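Peer 1: Residue numbering for the sequence shown follows the working numbering, starting at -2 and increasing by one per position.
Think of the CB as a built atom: it goes at the ideal place given N, C-alpha and C, for glycine as much as any other residue.
This one's a predicted model, so the numbers in the text were calculated from it and none came from an experiment.
Here it is: the structure, laid out below.
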Amino acid sequence: MTQIIVITSGKGGVGKTTTSASFASGLAIRGHKTVVIDFDIGLRNLDLVMGCELRVVFDFINVINGEANLSQALIKDKYCDNLFVLAASQTKDKSSLSLEGVEKVLSGLAALGFEYIVCDSPAGIENGAHVAMHFADVALVVTNPEISSVRDSDRIIGLLRSSTRRALDGAEPVKAHLLITRYDQGRVTSGQMLSIADVQSILHINLIGMVPESKDILHASNQGRAAIHLKGTPVASAYTDLVDRFLGSKTPNYVHTEQRGNYIKRLLGGV
-2 MTQIIVITSG KGGVGKTTTS ASFASGLAIR GHKTVVIDFD IGLRNLDLVM
48 GCELRVVFDF INVINGEANL SQALIKDKYC DNLFVLAASQ TKDKSSLSLE
98 GVEKVLSGLA ALGFEYIVCD SPAGIENGAH VAMHFADVAL VVTNPEISSV
148 RDSDRIIGLL RSSTRRALDG AEPVKAHLLI TRYDQGRVTS GQMLSIADVQ
198 SILHINLIGM VPESKDILHA SNQGRAAIHL KGTPVASAYT DLVDRFLGSK
248 TPNYVHTEQR GNYIKRLLGG V
């Protein structure tokens, strides 16, 4: 059965696209047929992060409008055989997204046997974000440990509980997980960032992972590779653990950090 996962947040710049690329790649590495869709119409970046920008011929809006079919628009990832990318349009705007059109595409992907559909949502609460989350079964709510980011994520959690198809149909609600990104223990200690406990106390949803602040993310993006492929780095380890927890592993929550050239893990309770 196909599962639809939205990667969402209220604030821009928190790492949704980085997370979408690495999370989808991690699912594919585990053997699951996965597709990741860029919902940021007019401002696409997922194709750059995944290194397939030169291979985009047809996009998400072309498929919605019937100008191309899924087999023409889906781009096979160059690192994972089980992973495909559906790029956003760079020339249209978010008004091009309709619930009916998106539902048609999602149904088509399910018919092609995709186990997981990962939706890379634009930031905010406008049409693109609403449509991206509307059909979700699961949500990863991405936030930085900063009060403005956390407050905006709280608004998104409210929308997940009230404005999705599941909520409107009276079905079991979207299962929301919290992912904290750009975590820096030094800045937490000095009072410049919220602690993990602070973020959890505000948002009250299950914590599924923490991704450290790292220059490796920029390096991965510049190379057109999902950060999960940077083996031996704290960022790759954090995203690998995230995928494992999502798939049911009891892996404890760690903050992956670097110290004296060696990568170490710090238990959540010790943060």
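Spatial neighbours of Ser92 within its chain, please: C-beta separation below 7 angstroms, excluding the five flanking residues on both sides.
Peer 2: Position 95 of the sequence shown, counted from the first residue, corresponds to residue 92. Cβ within range, chain order: Asn124.
Peer 1: Do you know whose CA, among Ser19, Leu67 and Gly206, lies nearest Leu239's CA?
Peer 2: Locating residue 239 in the sequence shown gives position 242, where the first residue counts as 1. For Leu239, the nearest C-alpha among the options comes from Gly206.
Peer 1: For the beta strand (DSSP E) containing Met207, list its first residue and its last residue.
Peer 2: Position 210 of the sequence shown, counted from the first residue, corresponds to residue 207. Per DSSP, Met207 belongs to the beta strand (DSSP E) from Asn203 to Pro209.
Peer 1: Specify, as a first and last residue, the run of the beta strand (DSSP E) that Tyr180 falls within.
Peer 2: Here the question's residue 180 lines up with position 183 in the sequence shown. Segment Lys172 to Tyr180, the beta strand (DSSP E) holding Tyr180.
Peer 1: Please classify Pro249: does DSSP put it in a helix, a strand, or coil?
Peer 2: Numbered from its first residue, the sequence shown carries residue 249 at position 252. Here Pro249 sits in coil by DSSP.
Peer 1: Can you tell me which of the three DSSP states Ile271 falls into?
Peer 2: As shown, the chain starts at -2 and ends at 268. That puts residue 271 outside it, with no answer to give.
Peer 1: So, for Lys89: in the same chain, excluding its five sequence neighbours on each side, which residues have a beta-carbon less than 7 angstroms away from its beta-carbon?
Peer 2: The count along the sequence shown starts at 1 and reaches residue 89 at position 92. Here the set comprises Ile38, Gly39 and Ile58.
Peer 1: Could you tell me which residues DSSP pairs with Ala107 in its beta bridges?
Peer 2: Taking the first residue of the sequence shown as 1, we reach residue 107 at position 110. Paired residue(s): none; Ala107 is not in a bridge.
Peer 1: Looking at Lys30 and Gly105, is the spacing between their C-beta atoms short of 8 angstroms?
Peer 2: As a position in the sequence shown, residue 105 is number 108, starting the count at 1. As a position in the sequence shown, residue 30 is number 33, starting the count at 1. In this structure, Lys30 does not lie closer than 8 angstroms to Gly105 by Cβ.
Peer 1: Applying the criterion that 16 or more other CB atoms from any shown protein chain within 10 Å of the CB defines a buried residue, is Asp35 buried or exposed?
Peer 2: The sequence position of residue 35 within the sequence shown is 38, counting from 1. Label assigned to Asp35: buried.
Peer 1: Asp117 bridges to which residues according to DSSP?
Peer 2: The residue labelled residue 117 in the question sits at position 120 within the sequence shown. In DSSP, Asp117 forms a bridge with Ile4 and Asp35.
Peer 1: Can you grab the Cα-Cα spacing for the pair Val11 / Ser17, in whole Å?
Peer 2: Position 14 of the sequence shown, counting from 1, holds the residue named residue 11. Position 20 of the sequence shown, counting from 1, holds the residue named residue 17. C-alpha separation (whole angstroms): 12 angstroms.
Peer 1: When the Cα atoms are used, what is the spatial distance from Phe81 to Ser192?
Peer 2: Taking the sequence shown and counting its residues from 1, the one referred to as residue 81 is at position 84. Taking the sequence shown and counting its residues from 1, the one referred to as residue 192 is at position 195. Their Cα atoms are separated by approximately 36 angstroms.
Peer 1: Once DSSP output is grouped into helix, strand and coil, what is the label at Val53?
Peer 2: Taking the first residue of the sequence shown as 1, we reach residue 53 at position 56. In the structure shown, Val53 sits in coil (DSSP, three-state: anything other than H, G, I, E or B).
Peer 1: Please name the residue, chosen from Arg52, Cys49, Lys75 and Met130, that lies closest to Ile0 on a Cα-to-Cα basis.
Peer 2: Residue 0 sits at position 3 when you count from the first residue of the sequence shown. The sequence as given places Gln at residue 0; Ile does not occur at that position. It is Met130.
Peer 1: Within 8 angstroms of any Cβ in chain D, is that where the Cβ of Lys30 sits?
Peer 2: This model lacks chain D altogether, as it is built from one protein chain only.
Peer 1: Quick one: what's Phe81 bridged to in DSSP?
Peer 2: In the sequence shown, residue 81 corresponds to position 84, counting from 1. Beta-bridge pairing links Phe81 to Val32 and Lys73.
Peer 1: Taking the continuous beta strand (DSSP E) assigned at Val138, which residues delimit it?
Peer 2: The residue labelled residue 138 in the question sits at position 141 within the sequence shown. Segment Val135 to Thr140, the beta strand (DSSP E) holding Val138.
Peer 1: Consult DSSP for Gln197 and reduce its assignment to one of helix, strand or coil.
Peer 2: Counted from its first residue, the sequence shown places residue 197 at position 200. Here Gln197 sits in helix by DSSP.
Peer 1: Restricting to Cα atoms, I'd like to know which of Leu204, Thr178 and Lys212 is closest to Thr248.
Peer 2: On the sequence shown, residue 248 is found 251 positions in, with the first residue counted as 1. For Thr248, the nearest C-alpha among the options comes from Leu204.
Peer 1: Hey, would you say Ala136 sits closer than 8 angstroms to Thr14, going by beta carbons?
Peer 2: For this step, residue 136 is matched to residue 139 along the sequence shown. For this step, residue 14 is matched to residue 17 along the sequence shown. Not in contact: Ala136 and Thr14 (Cβ atoms no closer than 8 angstroms).
Peer 1: Can you tell me the Cα-Cα spacing of Ala224 and Asp241, whole angstroms?
Peer 2: Translated into the one-based positions of the sequence shown, residue 224 becomes position 227. Translated into the one-based positions of the sequence shown, residue 241 becomes position 244. Each residue's Cα considered, the two are about 16 angstroms apart.
Peer 1: Which same chain residues end up closer than 7 angstroms to Val171 when comparing Cβ atoms and leaving out the 5 residues on each side of it in sequence?
Peer 2: As a working note, residue 171 is residue 174 in the sequence shown. Excluding positions up to five away in sequence, the list reads Ala133, Asp134, Val135, Ala136, Leu157, Thr161 and Arg163.
Peer 1: State whether the stretch 216 to 233 contacts the stretch 176 to 184, with contact taken as three or more CB pairs (one from each stretch) at a distance under 8 angstroms.
Peer 2: With a cut-off of 8 angstroms, the stretch 176 to 184 and the stretch 216 to 233 do not count as touching, because too few Cβ pairs lie within range.
Peer 1: What's the gap between the Cα of Gln87 and the Cα of Ile202?
Peer 2: Residue mapping note: residue 87 aligns to position 90 of the sequence shown, counting from 1. Residue mapping note: residue 202 aligns to position 205 of the sequence shown, counting from 1. Taking the straight line joining both Cα atoms gives about 34 angstroms.
Peer 1: Between the alpha carbons of Leu94 and Val128, how many angstroms are there, rounded?
Peer 2: Here the question's residue 94 lines up with position 97 in the sequence shown. Here the question's residue 128 lines up with position 131 in the sequence shown. Going by the C-alpha atoms only, they are around 7 angstroms apart.
Peer 1: Taking the beta carbon of Met190 as the centre, do at least 16 other beta carbons fall within 10 Å, making it buried, or is it exposed?
Peer 2: In the sequence shown, the residue the question calls residue 190 occupies position 193. Counting Cβ neighbours within 10 Å, Met190 comes out buried, since at least 16 surround it.
Peer 1: Please tell me whether Asp56 and Ala85 are closer than 8 angstroms, where the distance is taken between their beta carbons.
Peer 2: Taking the sequence shown and counting its residues from 1, one reaches residue 56 at position 59. Taking the sequence shown and counting its residues from 1, one reaches residue 85 at position 88. Yes; because the gap between Cβ atoms is below 8 angstroms, this pair is in contact.
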